[in-house]
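Asker: Sharing a structure below in structure tokens format, with a few things to ask.
There are 2 protein chains.
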Amino acid sequence: MNGYRDLRVALLGCGSVGAQVARLILEHGDELAARAGARLTLAGIAVRAIDAPRDVDLPRDLFTTDAERLVQGADIVIELMGGIEPAKSLILQALQGGADVVTANKALIAAHGPELAEAAEQVGAQLSYEAAVAAAIPILRPLRESLAGDHITRVLGIVNGSTNYILDRMDRFGDSAEDAARLASELGYLEADPTLDVEGYDAAQKATILASIAFHTEVPVDAVYREGITKITAAQIDAAKHAGYVIKLLAIAERITSADGTDGVSARVYPALIERDHPLAVVYGGKNAVFVEAEAAGELMFYGAGAGGAETASAVLGDLVSAARRHVVGGPGIPGSLHAELPILPVSEVSTAYQVMLEVRDEPGVLAGVAGILATHGVSAASVEQSVEPGATGRATLVIGTHVAREGDLAAMVEALRTSDTVVSVTSILRLEGQA
Amino acid sequence: MNGYRDLRVALLGCGSVGAQVARLILEHGDELAARAGARLTLAGIAVRAIDAPRDVDLPRDLFTTDAERLVQGADIVIELMGGIEPAKSLILQALQGGADVVTANKALIAAHGPELAEAAEQVGAQLSYEAAVAAAIPILRPLRESLAGDHITRVLGIVNGSTNYILDRMDRFGDSAEDAARLASELGYLEADPTLDVEGYDAAQKATILASIAFHTEVPVDAVYREGITKITAAQIDAAKHAGYVIKLLAIAERITSADGTDGVSARVYPALIERDHPLAVVYGGKNAVFVEAEAAGELMFYGAGAGGAETASAVLGDLVSAARRHVVGGPGIPGSLHAELPILPVSEVSTAYQVMLEVRDEPGVLAGVAGILATHGVSAASVEQSVEPGATGRATLVIGTHVAREGDLAAMVEALRTSDTVVSVTSILRLEGQA
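Here the protein sequences line up with chains A and B, keeping their order. If you're matching positions, the first sequence starts at 19 in our numbering and goes up one per residue. If you're matching positions, the second sequence starts at 19 in our numbering and goes up one per residue.
Here is the structure:
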């Protein structure tokens, strides 16, 4: 294994992922050298507290609290601190010094990805962040490189393991929403602030990253339409099951055309119905999967672990070897490409089918009244099912499945139903995704 | 789009994939230039007969019958002729001239991959063949690059769409083996010589390629153990379903340790049982999927179309853009890495569980006799189920599920059962794969 050039690797952060990255670099030195064509030397690990407990036993003299100094002179910097600062400043410092940067920091990339990519491009350095979306699953490299000659039309991602776990418990095990959330919390699946998961903020950050790469367009995280899973009820799960669907929280990036003919991008996160025989329907528990539709390639899916120290470390190491090869080969890194500059269109321009559940008066003429409201808004019904709960005197439940229509028309239709005399309440509105 | 360097692309072959590749290069010129950083000019298309009918209408003056001359002066050569010669000689000529080569030729790569990779490495050119395994699915690049810092332990692939279609028809629609095969043939799913599909030769070529990349070791196609699906019966499908399994033809590449402690590689193809809730179990119809297990990343799956002109062209274009970027950036291509040089171990060293179906005499002591044979061969039973068909006087069916044991011991056990007095016949032997 002699004759390899030495590359100095600086590791920033030593949590569950960082500790595994350090372990793999130290334990697999020869193997990594053979694959990278260079010996990867762990120059140091920057942490806040040197004596904090770690998942892995690592040599004490690697640790430092001086991250800035560690970054100086590094060939490759791995940022696993999380948060915006000081991570952002350290990454900029590294890139400006010509070092390649590998990060798993989804919040940072979602908020400042284009600025960091620009800094990397200016010096010909490589910025990579495969682990920022769906942890272990290779998804960004396939989107960016394998599909580089194709046109991606839609990306549907189950990219938040904890909400998928909660919905899966409700679906397959009949848990209540509260029990499922408690179980997810006990298993450590939820973030310290669980609203990041259950309100879809985490998924929205990943939707931003996926949409930017799939469509070569800057998609700010504020432009991602977002609904979480906190209002999903056992009754909705049951109604979905009855109709042959399962409810999944999806991060969606899609090429769409607006009513006025503008070609653009939609990025959105919401719980949606998926047909039971769709490949995404069998993504159980805390797993992640990203379903990609492309003009030539057709339908692809990438499945695996969306969290975990070792799992995320695998993706970080892949980026690390790639960065090392770039140093060996020379030449600039592959720039983050935002050349398409497509407009970001609001969710009202999206076309999907809806499933709407209504509580209505159980009296003649109700169905005709509801059908009239649909027709007025240019929405056509694919199915209508009426059921009367035993003992629910004077009330019936109506489940309406619509054909595909523009979100704006559907929203107006729902508003009209809500204010109609015959409708007692609108109890559920869910979109149907994953259809051709 | 000015200022881009021009790269001359030579296309060899214009069948269903080649025609789509030519169309995409011609139609998406600006887009490809933006992604590759170079303008890709289709210099010509070498074919046997210029006036043969094509799937796509292409400019007549692009066609030539002089492939050798077309290859001269090309920056990137795309080989889609298939077969060993003249494809191999033309690829060697291209590589020796410093051109990058993209091919979808699985037979050629399985037979001569290391020799071609060596030729590429000598001049620093890039040889890539993403489309050779599972067509549209990005699998080779993720294995080679995304998982470059991880240790792959096992790869289980559904890599032949036609046999998957046949088995799926038998499983989900109750077709007989003959009806399913006829349907696959009518739909054009089978190769001109269907034995390449149904006897597992095609899958074995892909197993060779997957094993070589996953384990950095040359795995000759002759070293792949191979059984096809021609002996799979409706009764086996039913028994599998009854026990909670589905039968899939799998191409398997696995790190194993032999009885004498040798670490090595197993590459094999056979129809095997998979649990119904395994992600591979829901790969329906003609789809392909590759399930990857790695030490750090855990379980991953890559799913999509395993055939088709446009689908395969998508993977070819991804390799083309990657080759173009290399020309722009400079520096040598990523060499095919066979540094591990692990021994290839025979199938007798593999450990799996077996499901064995026996026809036995319906008389006292049979179960004890069978159990004794298992024990003699060091095989422990996980389940035994006996059933008597109505009207089958004096005969019973015994389905034995074993715990994991070495293939050699299981084979010896089956042989002892076969020659036992109480066993009328061994009607099915299937391995159970995909377990932890």
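Virtual Cβ for every residue (Gly too), placed ideally from N, Cα, C. All values reported here derive from a predicted model rather than from experimental measurement.
(1) Within 8 Å (strictly less), CB to CB, does Ile-231/A reach chain B?
(2) Applying the criterion that 16 or more other CB atoms from any shown protein chain within 10 Å of the CB defines a buried residue, is Asp-168/B buried or exposed?
(3) Compile a chain-ordered list of the residues in the stretch 167-201 of chain B whose CB is closer than 9 Å to at least one CB of chain C.
(4) If I measure Cβ to Cβ from Ala-241/A and keep anything under 7 Å in the same chain, skipping five residues before and after, which residues do I get?
(5) Can you give me the Cβ contacts of Glu-217/B inside the same chain, cut-off strictly under 7 Å, excluding the 5 residues immediately before and after it?
(6) Closest to Gly-303/B by C-alpha separation, out of Asn-182/B, Leu-268/B, Ile-155/B and His-345/B, would be which residue?
(7) Strictly below 8 Å CB to CB, what residues from chain A border Val-237/B?
(8) Pick helix, strand or coil for Met-19/B, following the three-state DSSP scheme.
(9) Is the shortest distance between the beta-carbon of Ile-292/B and the beta-carbons of chain A less than 8 Å?
(10) If we define contact as Cβ-Cβ less than 8 Å, is Ile-155/A a contact residue for chain B?
(11) Relative to the C-alpha of Arg-273/B, which residue among Val-368/B, Glu-45/B, Glu-86/B and Ala-149/B is closest?
(12) Assuming Ala-225/B contacts Val-287/B (C-beta within less than 8 Å), just tell me the rounded distance between them.
(13) Beta strand (DSSP E) containing Ala-285/B: first to last residue?
(14) Starting from Arg-399/B, follow its DSSP beta bridges and name the residues at the other end.
(15) May I ask which residues mark the beginning and end of the alpha helix (DSSP H) holding Asn-182/B?
(16) Specify, as a first and last residue, the run of the alpha helix (DSSP H) that Lys-124/A falls within.
(17) Taking 7 Å as the limit between beta carbons, can you name the residues of its chain near Ala-92/A, skipping five residues before and five after?
(18) For a cutoff of 8 Å on Cβ pairs, would you count Gln-114/B as touching chain A?
(19) Touch check for the stretch 391-407 of chain A and the stretch 304-315 of chain A: three-plus C-beta pairs under 8 Å?
(20) Please list, in chain order, the chain B residues whose beta carbon lies closer than 7 Å to that of Tyr-207/A.
(21) Counting only Cβ pairs nearer than 8 Å, list the residues of chain A close to Leu-165/B.
(22) In chain A, which residues lie with their C-beta within 7 Å of the C-beta of Arg-343/B?
(23) In terms of residues, what are the limits of the beta strand (DSSP E) holding Gly-316/B?
(24) Could you run through the stretch 244-256 of chain A and flag, in chain order, every residue whose CB is less than 9 Å away from some CB of chain B?
(25) Using the three-state DSSP reduction, which class does Asp-197/A fall into: helix, strand or coil?
(26) Along chain B, which residues have their Cβ under 8 Å away from the Cβ of Gly-322/A?
(27) Contact criterion: CB-CB distance below 8 Å. Does Gln-38/B meet it with respect to chain A?
(28) Go ahead and pull the three-state DSSP assignment for Ser-355/A.
(29) According to DSSP, what are the bridge partners of Val-119/A?
(30) Out of curiosity, what's the CA-to-CA distance linking Thr-415/B and Gln-254/B?
(31) Mind listing the chain A neighbours of Gly-21/B? Cutoff is C-beta to C-beta under 8 Å, in chain order.
(32) Tell me which same chain residues have a C-beta within less than 8 Å of the C-beta of Leu-356/A, skipping the five on either side of it?
(33) Return the chain-ordered ranges of every alpha helix (DSSP H) run that is complete within the stretch 218-303 of chain A and spans a minimum of 4 residues.
(34) Quick one: grab the DSSP three-state call for Ser-438/A.
(35) Between Val-173/A, Leu-201/A, Arg-172/A and Leu-174/A, which has its C-alpha nearest Asp-186/A's C-alpha?
(36) Mind checking who Glu-311/B pairs with in its DSSP beta bridge?
Answerer: On the basis of the coordinates in this document:
(1) Taking the first sequence and counting its residues from 1, one reaches residue 231/A at position 213. At a cut-off of 8 Å between beta carbons, Ile-231/A makes no contact with chain B.
(2) Taking the second sequence and counting its residues from 1, one reaches residue 168/B at position 150. Buried is the label assigned to Asp-168/B, since at least 16 other Cβ atoms lie within 10 Å of its Cβ.
(3) The structure shown contains no chain C; the protein chains it does contain are A and B.
(4) In the first sequence, counting from the first residue as 1, residue 241/A sits at position 223. The residues are Ala-285 and Ile-362.
(5) Against the second sequence, residue 217/B aligns to sequence position 199. So the qualifying residues of the chain are Gly-246 and Thr-248.
(6) Position 285 of the second sequence, counted from the start, is the residue given in the question as residue 303/B. By alpha-carbon distance to Gly-303/B, the top candidate from Asn-182/B, Leu-268/B, Ile-155/B and His-345/B is Asn-182/B.
(7) As a position in the second sequence, residue 237/B is number 219, starting the count at 1. Residues of chain A whose Cβ lies closer than 8 Å to the Cβ of Val-237/B do not exist, since the nearest Cβ in that chain is about 18 Å away.
(8) Along the second sequence, read from residue 1 onward, the residue named residue 19/B stands at position 1. Interpretation of Met-19/B is limited by its pLDDT of 43, a score under 50 that renders its predicted location unreliable; the figure taken from the coordinates is listed afterwards. Of the three classes helix, strand and coil, the one that applies to Met-19/B here is coil, per DSSP.
(9) Position 274 of the second sequence holds residue 292/B. For Ile-292/B, no Cβ of chain A is located within less than 8 Å of the residue's own Cβ.
(10) As a first step, residue 155/A must be located in the first sequence, where it is residue number 137. Cβ-Cβ to chain B under 8 Å: yes for Ile-155/A.
(11) One-based indexing of the second sequence puts residue 273/B at position 255. Comparing Cα positions, the closest option is Val-368/B.
(12) Numbered from its first residue, the second sequence carries residue 225/B at position 207. Numbered from its first residue, the second sequence carries residue 287/B at position 269. Distance from Ala-225/B to Val-287/B at the Cβ level is roughly 6 Å; contact confirmed, criterion being Cβ atoms closer than 8 Å.
(13) For the purposes of this step, residue 285/B is taken as residue 267 along the second sequence, with counting starting at 1. Judged by DSSP secondary structure, Ala-285/B falls within the beta strand (DSSP E) whose first and last residues are 281-293.
(14) Position 381 of the second sequence holds residue 399/B. One point to set straight first is that residue 399/B is Ala, not Arg, in the sequence displayed. When DSSP reads this structure, Ala-399/B sits in a beta bridge with Thr-420/B.
(15) Mapped onto the second sequence, residue 182/B falls at position 164. Asn-182/B -> alpha helix (DSSP H) spans 179-190.
(16) Sequence index remark: in the first sequence, residue 124/A carries index 106 (1-based). Secondary structure note for Lys-124/A: its alpha helix (DSSP H) is the uninterrupted segment 124-141.
(17) By 1-based counting over the first sequence, the position of residue 92/A is 74. Spatial neighbours of Ala-92/A in its own chain (CB-CB distance under 7 Å, excluding positions within 5 residues in sequence) are listed in chain order as Arg-26, Val-27, Ala-28, Ala-61, Ala-112 and Ala-117.
(18) Residue mapping note: residue 114/B aligns to position 96 of the second sequence, counting from 1. Cβ-Cβ to chain A under 8 Å: no for Gln-114/B.
(19) Fewer than three beta-carbon pairs drawn from the stretch 391-407 of chain A and the stretch 304-315 of chain A are found closer than 8 Å, and the two stretches are therefore not classed as touching.
(20) Within the first sequence, the letter at position 189 stands for residue 207/A. Those do not exist, as Tyr-207/A stays about 15 Å from chain B at its closest Cβ, beyond 7 Å.
(21) Locating residue 165/B in the second sequence gives position 147, where the first residue counts as 1. Result: Pro-156, Ser-332 and Gly-336.
(22) Walking along the second sequence from the start, residue 343/B turns up at place 325. What Arg-343/B touches in chain A: Ile-352.
(23) Reading the second sequence from its first residue, position 298 is the one you call residue 316/B. 316-323 is the span of the beta strand (DSSP E), which, as asked, contains Gly-316/B.
(24) Those residues of the stretch 244-256 of chain A that come within reach of chain B (Cβ to Cβ, closer than 9 Å) do not exist; the list is empty.
(25) Within the first sequence, numbered from 1, the residue matching residue 197/A stands at position 179. Assigned with DSSP and collapsed to three states, Asp-197/A falls in helix.
(26) Counting from one through the first sequence, the residue named residue 322/A turns up at place 304. Listed along chain B are Ala-315, Gly-316, Glu-317, Leu-318 and Met-319, each with a C-beta nearer than 8 Å to that of Gly-322/A.
(27) The count along the second sequence starts at 1 and reaches residue 38/B at position 20. Output row for Gln-38/B: interface = yes.
(28) Translated into positions along the first sequence, residue 355/A becomes position 337. Correct three-state label for Ser-355/A: coil.
(29) The residue you call residue 119/A lines up with position 101 of the first sequence. Residue pairing by DSSP places Val-119/A opposite Val-95/A and Leu-145/A in a beta bridge.
(30) Translated into the one-based positions of the second sequence, residue 415/B becomes position 397. Translated into the one-based positions of the second sequence, residue 254/B becomes position 236. Taking the straight line from one Cα to the other gives about 12 Å.
(31) Indexing the second sequence from 1 puts residue 21/B at position 3. Think of a sphere of 8 Å around the beta carbon of Gly-21/B: no beta carbon from chain A falls inside it, the nearest being about 13 Å out.
(32) Residue mapping note: residue 356/A aligns to position 338 of the first sequence, counting from 1. Closer than 8 Å at Cβ, skipping near neighbours: Pro-132, Ala-135, Ser-230, His-234, Thr-235 and Glu-236.
(33) Correct list: 219-233 and 252-260.
(34) By one-based count along the first sequence, residue 438/A stands at place 420. The three-state reading of DSSP puts Ser-438/A in coil, since its state is none of H, G, I, E or B.
(35) Counted from its first residue, the first sequence places residue 186/A at position 168. Closest by C-alpha distance to Asp-186/A, out of Val-173/A, Leu-201/A, Arg-172/A and Leu-174/A, is Leu-201/A.
(36) Taking the second sequence and counting its residues from 1, the one referred to as residue 311/B is at position 293. Answer is Arg-172/B and Glu-317/B.
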